[in-house]
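Residue numbers for the sequence shown follow this note's numbering, so the first one is 7 and each next one is one higher.
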Amino acid sequence: MRRWVGLVRPATKQSPIANYVYCKWLRDTQSRTTDQGEKRDKSTGSEAATAAHKYCTSWNEMRMWIEELIQFLQASSATYTEFDDVNPAEVRRLFPIVNPLGI
Numbered sequence: 007m008r009r010w011v012g013l014v015r016p017a018t019k020q021s022p023i024a025n026y027v028y029c030k031w032l033r034d035t036q037s038r039t040t041d042q043g044e045k046r047d048k049s050t051g052s053e054a055a056t057a058a059h060k061y062c063t064s065w066n067e068m069r070m071w072i073e074e075l076i077q078f079l080q081a082s083s084a085t086y087t088e089f090d091d092v093n094p095a096e097v098r099r100l101f102p103i104v105n106p107l108g109i
């Protein structure tokens, strides 16, 4: 790998940071924390739906880009010596691959 695509993909204007923010927003807006516990808004004339598939797709895309970054930094370790102290396994643990079933 000679060149990393970067934090922003110019052709699609996508970013792993945007995916991360989107996933956190999805997770935070699925329910509300109240003094009586977690609550979900009720609406009439509609059916509750889960955003699990959207969440997983976005998160796993971000995870793939992080993996590309890890590979780039490892291949370019002479240039990016500050990455030598970072454990790729720990980064993978912090950003695991997810699925809609939560397993």
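Positions of the beta carbon are idealized from the N, C-alpha and C atoms, including for glycine.
Small disclaimer: the values here were computed from a predicted structure and weren't measured.
Residue i burial status per 10 Å Cβ neighbour count (16 or more: buried)
i: Pro106; result: exposed
i: Leu13; result: exposed
i: Asn93; result: exposed
i: Tyr61; result: buried
i: Leu100; result: exposed
i: Pro22; result: buried
Nearest to residue i (by Cα), restricted to the options the options
i: Trp65; options: Asn93, Lys30, Trp10; result: Lys30
i: Arg98; options: Gln77, Leu32, Ser82, Gln20; result: Gln77
i: Thr63; options: Leu75, Leu32, Lys19, Thr87; result: Leu32
CB-CB length for residue i against residue j, believed under 8 Å
i: Ile109; j: Arg69; result: Not really, about 16 Å apart at Cβ, beyond 8 Å.
i: Gln36; j: Ala17; result: Their Cβ separation, rounded to whole angstroms, is 31 Å, which puts Gln36 and Ala17 out of contact at 8 Å.
Beta-carbon proximity check, residue i vs residue j, cutoff 8 Å
i: Ser83; j: Asp91; result: no
i: Asn2; j: Glu73; result: This structure leaves residue 2 out entirely; the chain is present only between 7 and 109.
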